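Protein chains: 2
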Amino acid sequence: MKSDLDALMEKHNLDALLVIGAATHNPMMHYFTGDVHMGDGALIKVRGKQPVLFYNPMERDEAARTGLDTRNLIEYNLPALTKEPGGDAAKGLAARYARMLADCGLEQGRVALFGKVEIGAPFVVFNTLMALAPQYELVGQTGRSVLAEAMETKDEAEAERMRRMGRITAEVVGRVQAYLQSHKAKDGVLVKADGTPVTVGDVKTLINASALELGVENPHGTIFAIGRDAGVPHSTGNPDDALELGKTIVFDIFLQEPGGGYHYDFTRTWSLGYATPEAQKLYDDVKTVFDDLMGGLEANAPFSLLQERTCDLFEAQGHPTIRQDPAVQEGYVHSVGHGLGLNIHEQPFSRDASVTLRPGVVVTIEPGLYYPNKGMGVRIEDTVYVRPNGEIEVLADFPHDLVIPIQNA
Amino acid sequence: MKSDLDALMEKHNLDALLVIGAATHNPMMHYFTGDVHMGDGALIKVRGKQPVLFYNPMERDEAARTGLDTRNLIEYNLPALTKEPGGDAAKGLAARYARMLADCGLEQGRVALFGKVEIGAPFVVFNTLMALAPQYELVGQTGRSVLAEAMETKDEAEAERMRRMGRITAEVVGRVQAYLQSHKAKDGVLVKADGTPVTVGDVKTLINASALELGVENPHGTIFAIGRDAGVPHSTGNPDDALELGKTIVFDIFLQEPGGGYHYDFTRTWSLGYATPEAQKLYDDVKTVFDDLMGGLEANAPFSLLQERTCDLFEAQGHPTIRQDPAVQEGYVHSVGHGLGLNIHEQPFSRDASVTLRPGVVVTIEPGLYYPNKGMGVRIEDTVYVRPNGEIEVLADFPHDLVIPIQNA
Numbered sequence: 245m246k247s248d249l250d251a252l253m254e255k256h257n258l259d260a261l262l263v264i265g266a267a268t269h270n271p272m273m274h275y276f277t278g279d280v281h282m283g284d285g286a287l288i289k290v291r292g293k294q295p296v297l298f299y300n301p302m303e304r305d306e307a308a309r310t311g312l313d314t315r316n317l318i319e320y321n322l323p324a325l326t327k328e329p330g331g332d333a334a335k336g337l338a339a340r341y342a343r344m345l346a347d348c349g350l351e352q353g354r355v356a357l358f359g360k361v362e363i364g365a366p367f368v369v370f371n372t373l374m375a376l377a378p379q380y381e382l383v384g385q386t387g388r389s390v391l392a393e394a395m396e397t398k399d400e401a402e403a404e405r406m407r408r409m410g411r412i413t414a415e416v417v418g419r420v421q422a423y424l425q426s427h428k429a430k431d432g433v434l435v436k437a438d439g440t441p442v443t444v445g446d447v448k449t450l451i452n453a454s455a456l457e458l459g460v461e462n463p464h465g466t467i468f469a470i471g472r473d474a475g476v477p478h479s480t481g482n483p484d485d486a487l488e489l490g491k492t493i494v495f496d497i498f499l500q501e502p503g504g505g506y507h508y509d510f511t512r513t514w515s516l517g518y519a520t521p522e523a524q525k526l527y528d529d530v531k532t533v534f535d536d537l538m539g540g541l542e543a544n545a546p547f548s549l550l551q552e553r554t555c556d557l558f559e560a561q562g563h564p565t566i567r568q569d570p571a572v573q574e575g576y577v578h579s580v581g582h583g584l585g586l587n588i589h590e591q592p593f594s595r596d597a598s599v600t601l602r603p604g605v606v607v608t609i610e611p612g613l614y615y616p617n618k619g620m621g622v623r624i625e626d627t628v629y630v631r632p633n634g635e636i637e638v639l640a641d642f643p644h645d646l647v648i649p650i651q652n653a
Numbered sequence: 245m246k247s248d249l250d251a252l253m254e255k256h257n258l259d260a261l262l263v264i265g266a267a268t269h270n271p272m273m274h275y276f277t278g279d280v281h282m283g284d285g286a287l288i289k290v291r292g293k294q295p296v297l298f299y300n301p302m303e304r305d306e307a308a309r310t311g312l313d314t315r316n317l318i319e320y321n322l323p324a325l326t327k328e329p330g331g332d333a334a335k336g337l338a339a340r341y342a343r344m345l346a347d348c349g350l351e352q353g354r355v356a357l358f359g360k361v362e363i364g365a366p367f368v369v370f371n372t373l374m375a376l377a378p379q380y381e382l383v384g385q386t387g388r389s390v391l392a393e394a395m396e397t398k399d400e401a402e403a404e405r406m407r408r409m410g411r412i413t414a415e416v417v418g419r420v421q422a423y424l425q426s427h428k429a430k431d432g433v434l435v436k437a438d439g440t441p442v443t444v445g446d447v448k449t450l451i452n453a454s455a456l457e458l459g460v461e462n463p464h465g466t467i468f469a470i471g472r473d474a475g476v477p478h479s480t481g482n483p484d485d486a487l488e489l490g491k492t493i494v495f496d497i498f499l500q501e502p503g504g505g506y507h508y509d510f511t512r513t514w515s516l517g518y519a520t521p522e523a524q525k526l527y528d529d530v531k532t533v534f535d536d537l538m539g540g541l542e543a544n545a546p547f548s549l550l551q552e553r554t555c556d557l558f559e560a561q562g563h564p565t566i567r568q569d570p571a572v573q574e575g576y577v578h579s580v581g582h583g584l585g586l587n588i589h590e591q592p593f594s595r596d597a598s599v600t601l602r603p604g605v606v607v608t609i610e611p612g613l614y615y616p617n618k619g620m621g622v623r624i625e626d627t628v629y630v631r632p633n634g635e636i637e638v639l640a641d642f643p644h645d646l647v648i649p650i651q652n653a
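Order-wise, the sequence lines are chains A and B.
Just so we're aligned, residue 245 is where the first sequence starts under the numbering used here, counting upward by one.
Just so we're aligned, residue 245 is where the second sequence starts under the numbering used here, counting upward by one.
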């Protein structure tokens, strides 16, 4: 968590962090600034010191709202720094970064780069910085970076924000269920009073309206995929699709706090009115594995053991798995879980052999089976928090039922 | 525009473009893919050839929806490529990019990098790629990159999408005006039936609900800033603020097509019920300059001349300007316009001496004056399209009036 940052920087052999870009929808910057409307800026954290936020003059009020130490970028006179090297913009920006690092008390050392930004300009600027100021080594980290490792465990304030997002998610899913159950079936599809079908698009409109009313964002969209689409894990569903009874619907919803804050991740599979025997069997297979995994969760266990366990169980049921064939497109085709927080997917990942379910992690548990050619798929997903004392907490309660009873079905 | 891309690549001495990241909220990727739900991927366009989209297997359906030539990334067997160099993730990814470039027919050359992504991993991966495969030079472009230059002029299909966004914006602004006028004043503030004040937050809720209903996004938020906040150009407004009569409200709205498509940018300044003489004078000063600029727009004129003209006129009116002092915080403190499209701010910029209002550009014209210590600010902004024949088209009509009449005011 954030309080581990200095120790983690030492472990990663880093003297400073340099985070660039906006405060919104930029997880690594948002981690420091919180939800402020800063369109561009930079943050430098030297090991053992408080971070400093550099802002553009038009955004001084927003920068002040962060509560961080701040500096106005205009003090660096970028036009003059750019004019000196013959108008070379990359050299001017590189010279500015060198001065900013020096002003934060860093005379030399390894500086890790972060921030979700258009890559072209910073790629040349930071390579130029290393040429101009070789006392600084700019470091890009793949995989489990120092910030990813810090963000991997949540403090109580972060857990509470995710708990709240879980409650809001359950509220939205409950509204969708109530909406579906307020309609009747006719000729095998759910219809409105005027006889026209209820569509996937109608459901998504309700989800977005509910998110808005409840003050959260839905920036990545929602998966509400029926029939063959339910059999393709990341198909989001066709807005024009009618809701046919007896077909599996994978409903995967991942709402986010406004401005790019914390997420919640949640999936149910529904079948309206009734389930076909084949769909019920598929659901039972997934639910058996889901219950086994949830019942066996233990703090500090290797996360990848859950992926192995999932493959063991699905293979014993006779399903192909991604462990047998990385290109598999039927059966169990993905990994069983991932961390989430400011990123919808972040450390720890169940595919990494090295990571454990340390106290503080928030992870999804989401086994699923997919048979697009049979027109069906099932996934069940809850998000769990490993409390500091090692207890496992499901961050939102909602029934796991497959069949949603429908009038006239 | 996109049809100029091969010629622009030749002008920029580039043999290929490499665009990485998601298709949503990633302008450079969205430019090629359109609105599909692709969480990660890569696109390579070799000069003189059609672009190729590389996708992850879970997103094959979404990739297919783009209509582009596609390849499945799983064919490259990243685990094997990473295992070879001793498990070094950066080397594995670099080796994969080298093969992808070769598979697109590029044996050597200069490759420009694009895409809005978390910077750390690609920074090391692309530097590693140049070390492993020195036949490829990875290029980051600052300022007016080859894609920025292509995107700077819009074809008729793009202009029509922005015209539609203009109509939707005018519809939303009209709803806000009607909402305000449906309330009455009491003790100098706008109140609801129960006597509690209408707030900035209420207005923003209406804006977001309207955007949702009309099928557009509002990912950057809206500026609805009253009083002192109106005097700080990028203050977004305090949700708890009551709407006091006779105070200037800067209302700057920038909606976007869903998934990160085209924007529209629009500002009006309102004063509810009445305007103080001082606010009316400030408005008149801005409106005079706005009308002068709009009346003088000409295709192919240098955009920066408009910034000069704006400073000339404001200085003649006795206002300080950013031309006199780059750190100015009162008077005219920003630039007069910018291009917009998939980015809310993009080429051309009125601050660049080299760019002209070429046929095809879509730019804002937005003079403003700010006096935070007097508790007021005024900005007026319309978005214009320079048609292929050189005609100037305002992409959305809406009255520019300062005073919004209020009952009981």
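Note that the Cβ used here is the ideal one computed from N, Cα and C, for glycine as well.
As the structure is a prediction and not an experimental result, all values here were calculated from the model.
8 Å Cβ cutoff, residue i in contact with chain A
i, result
"residue 560/B", "no"
"residue 302/B", "yes"
"residue 362/B", "yes"
"residue 395/B", "no"
"residue 479/B", "yes"
"residue 420/B", "no"
"residue 367/B", "yes"
Helix, strand or coil at residue i [DSSP, three-state]
i, result
"residue 318/A", "helix"
"residue 245/A", "coil"
"residue 293/A", "coil"
"residue 513/A", "strand"
"residue 265/A", "coil"
"residue 260/B", "strand"
"residue 430/B", "strand"
"residue 530/A", "helix"
Cutoff 8 Å: residue i Cβ touching any chain B Cβ
i, result
"residue 253/A", "no"
"residue 353/A", "no"
"residue 538/A", "no"
"residue 342/A", "no"
"residue 510/A", "no"
"residue 334/A", "yes"
"residue 468/A", "no"
"residue 358/A", "yes"
"residue 649/A", "no"
"residue 597/A", "no"
"residue 493/A", "no"
"residue 452/A", "yes"
Assigned exposure category for residue i - 16 Cβ within 10 Å defines buried
i, result
"residue 643/A", "exposed"
"residue 587/A", "buried"
"residue 418/B", "exposed"
"residue 270/A", "buried"
Distance, residue j Cα to residue i Cα
i, j, result
"residue 392/A", "residue 390/B", "33 Å"
"residue 475/B", "residue 542/B", "31 Å"
"residue 467/A", "residue 374/B", "39 Å"
"residue 530/A", "residue 340/A", "55 Å"
"residue 424/B", "residue 490/B", "14 Å"
"residue 552/A", "residue 560/A", "12 Å"
"residue 548/B", "residue 256/A", "47 Å"
"residue 564/B", "residue 602/A", "58 Å"
"residue 414/A", "residue 598/B", "54 Å"
"residue 437/A", "residue 293/B", "53 Å"
"residue 626/B", "residue 626/A", "47 Å"
"residue 406/B", "residue 461/B", "14 Å"
Ranges of the alpha helix (DSSP H) found wholly within the stretch 474-500 of chain B, counting only runs of at least 4: none
Length-filtered (3 minimum) beta strand (DSSP E) runs lying within the stretch 573-648 of chain B: 590-593, 606-609, 612-615, 620-623, 626-630, 636-638
Length at least 4, wholly inside the stretch 347-381 of chain A: the alpha helix (DSSP H) runs in chain order: 364-376
Whole alpha helix (DSSP H) elements within the stretch 377-424 of chain A, 4-residue minimum: 390-396
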